[in-house]
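Numbering (the numbering used here), first residue to last: 4 to 118.
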């Protein structure tokens, strides 16, 4: 019962928030993975193995990129459990609107960033 939930997205096929593309806290790979996840329809069934099969880097790289995204609050992976017996039912992937977490870095380093 894995699922994707887009928190804060108004509709499907919206332009990407510039700050998500320019957030210097994230690797290029994490920025790309976020944009891919943001573009997915809500009925897509998420799976890190499937994501790894869709690109050249492998499962460990996908997990590392997901960890980056989780660290700054761009993605939450919530365990879904049966309320009666607490059995794990799956994972809800919450893809959070960049307006809530992204920080747009300048296109040029400032003097304070150069040191």
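The C-beta atom is built at its ideal place from N, Cα and C for all residues, glycine as well.
In the three-state reduction of the DSSP assignment, residue 76 falls in the coil class, being assigned neither a helical nor a strand state. The three-state reading of DSSP puts residue 11 in coil, since its state is none of H, G, I, E or B.
Every beta strand (DSSP E) of 3 residues or more that sits fully in the region 34–112 is shown, in chain order, as 78–84 and 91–99.
At a Cβ-Cβ threshold of 8 Å, residue 76 and residue 20 do not count as neighbours. Annotation for residue 41: 9, 12, 19, 23, 98 and 101 place their beta carbon closer than 8 Å to its own, counting only its chain and skipping 5 residues before and after. When only Cα atoms are considered, residue 96 and residue 49 end up about 7 Å apart. No residue range can be given for residue 28, since it is assigned to no alpha helix (DSSP H) and is classified by DSSP as neither H nor E. Residue 84 sits away from residue 28, with the two beta carbons spaced by 8 Å or more. For residue 110, the CB contacts under 8 Å within the same chain, skipping 5 residues up- and downstream, are 25 in chain order.
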